[in-house]
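Counting from 19, one number per residue, gives the positions in the sequence shown under my numbering. Read the structure below first, then the notes.
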Amino acid sequence: MPLTAADCARLDAGPDAPAFAALRERFAPGTPGTVYLDANSIGPMPLAAPARVQAALDAGWRVARRRSWNEFDWLDQPRALGQALAGVLGAGPDDVRVGESTTVNQYRLLRLALTLKAPRRVIVAERDVFSSNRYAAQGIAHAGLAELRLVPQADAAALAQALAPGDVAVVALSHVDYRHSLRLDMAALTAQAQAAGALALWDLSHSAGAVAVDLRGSAADLALGCGYKYLCGGPGAPSFVYAHPRWQDAAWPAICGWMGHADTFAFEHDYRPAAGMDGFLVGTPAVLANAAFSAAADLWRGIDPALLDARHRSLTDTLDTLVAQQCGALGVEVSSPREHARRGGHVALRFAHAGALAQALVAHGVVVSARKPDALRLGVHPLTTTHAELWQAVQVLRSLLEAGAWRDPRYQGSSV
Ligand SMILES: Cc1ncc(COP(=O)(O)O)c(C=O)c1O
């Protein structure tokens, strides 16, 4: 039976409707009539975010100036934000800190893993992993600090082969593939890496805040992810970083800075790492970015990961079905896995002209993204997207496909 608009309305009126309506109201609306399916790039804005930034600028920068460091929570933000995210990441309450970019955190966790597992010096990564993760590893190898071993994909067989020589320090994987949204089995692959004496490092950029993640339950060693995608930290928001408690005090961090010193304002001559995750702090926190992020953090503190996961499943199952039913004969194929447990935050479509089609969709009020060569990404945010919006988006997609809109010269330019 094909899904109908009425079915989508019924799904939006289900037993969780009041809870999700209340959550949606805590986000600022975008342009009326526009459907935003871009949470895989930049998540929606919490209503409270502008006032938080304004307060940091006004009461902080303008009025209190340097007194702000004592009068406000500026120095504590990396810890407070991390604590707010812990639940949705399945981390312990003090296992997470927020700071630096995802790429910088990838670099420093790789370096930490190499230190922890010395003299092993091999990094295993996926060949087609997000470019910046590969570049971070290549840079470490180029400096002569490691050897990079790329696997075609992170399945058990490919990993077994890569791990066989017994020289691997760390297996660095993306929980969800940024193109086609394949979600890996974090517990199984972590266990496989650890059984071979390696650490497992996870990039959660395309799962954190979209689906339930279980860092402690899967025994992952190290993890990080973008703050600006599903976590709604704001444009350019800092990344989060996680270390399992068994590693938090096991070595000096890869970048030692005064904020990660055991006694920052003693200005001691020699570095001494702060205990636990505080050792992962580096320099002065990005106060304005953290102020924006704090609005989302307030939301995450109260979210039940199981409810989030169920909502995401309902939405992405609906989208998957609608696309297959209405657009399957028009040359697009749903390329993300059908099973929710194997799918990440976005639903992906394979289409040879994905870039042009994405631009046509954006021009027609459906904000999506594309990645070369052929991935069209529809990033669904469980706290704001509705089933009715998905219906609307798929009607637009179908009409553009029927009209061959991707051929229009206006949509041929490159786009981020
Ligand atoms: C999976 C993944 N890892 C890393 C990054 C890079 O993050 P950043 O630019 O914050 O360093 C991105 C950016 O989109 C990403 O999708």
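No residue lacks a Cβ here, since even glycine has one placed at the ideal position from N, Cα and C.
Per DSSP, His193 lies in no beta strand (DSSP E) segment and is marked neither H nor E.
Along the length of the segment 348-412, whole alpha helix (DSSP H) runs at least 4 residues long occupy 372-381, reported in chain order. DSSP, read as helix, strand or coil, puts Trp220 in strand. Going by DSSP, Gly105 is part of no beta strand (DSSP E) but of the alpha helix (DSSP H) stretching over Gln95 to Leu107.
For ligand 1, residues qualifying as neighbours are Ser119, Thr120, Thr121, Phe148, Ser150, Asn151, Ser192, Tyr196, Asp221, Ser223, His224, Cys244 and Ser257, where qualification means a beta carbon closer than 6 Å to at least one of its heavy atoms (chain order). By the beta-carbon neighbour count (other beta carbons within 10 angstroms, threshold 16), Asn88 is exposed. Here the segment 346-364 makes no contact with the segment 182-191; the two share fewer than three CB pairs at distances below 8 Å.
Burial is judged here by how many other beta carbons sit within 10 angstroms of a residue's own beta carbon; Thr49 has fewer than 16 and is exposed.
Counting only unbroken stretches of 4 or more residues, the alpha helix (DSSP H) elements lying wholly within the segment 20-86 are 23-30, 35-42 and 67-73, in sequence order. Classified as buried, Thr334 has 16 or more neighbouring CB atoms from the shown chains inside 10 Å of its CB.
Within the DSSP bridge table, the entry for Glu144 names Val169 as partners. Following the DSSP letters along the chain, one finds Val259 inside the beta strand (DSSP E) bounded by residues Phe258 to Ala261. CA-to-CA, the gap between Gly110 and Asn123 works out to about 19 Å. CA-to-CA, the gap between Leu408 and Leu168 works out to about 37 Å. In summary, Glu286 is exposed, with fewer than 16 beta-carbon neighbours lying within 10 Å of its beta-carbon over all protein chains present. Its chain contains Leu132, Leu163, Ala164, Glu165, Asp185 and Ala187 as the residues whose beta carbon lies nearer than 8 Å to that of Arg139, once the 5 sequence neighbours on both sides are disregarded; these appear in chain order. Per DSSP, reduced to three states, the secondary structure at Gly243 is strand. Counted as a single uninterrupted DSSP element, the alpha helix (DSSP H) harbouring Val341 occupies residues Pro323 to Cys345. Taking the C-beta atoms as reference points, Ala313 is found nearer than 9 Å to Pro64. Out of Trp424, His330, Ala37 and Pro427, the CA that lies nearest to the CA of His224 is found in His330. Sequence-distant partners of Pro62 (beyond 5 residues in either direction) whose C-beta falls short of 7 Å from its own C-beta, in its chain, are Phe45, Tyr54, Cys250, His399 and Thr402.
Going by DSSP, Val305 is part of the alpha helix (DSSP H) stretching over Val305 to Arg319.
By the Cβ rule, the segment 253-262 counts as touching the segment 232-243, because three or more pairs are nearer than 8 Å. Arg129: member of the alpha helix (DSSP H) spanning Thr120 to Lys135, first to last residue.
C-alpha of Tyr289 to C-alpha of Asp316: approximately 34 Å in a straight line.
A straight-line Cα-Cα distance of about 23 Å links Phe283 and Ala74.
Counting other Cβ atoms within 10 Å of its Cβ, Pro253 stays below 16 and is therefore classed as exposed. In the three-state DSSP reduction, His279 falls in the strand class (E or B). Taking 9 Å as the cut-off, the Cβ atoms of Gly294 and Asp112 count as close. Gly422 sits exposed, since fewer than 16 C-beta atoms from the chains shown fall within 10 Å of its C-beta.
Restricting attention to Asp267, Gly100 and His364, the CA atom closest to the CA of Val194 is found in His364. Taken atom to atom, the span from the alpha-carbon of Ala39 to that of Gly383 is near 22 Å. The Cβ-Cβ distance between Arg428 and Pro271 does not fall below 9 Å.
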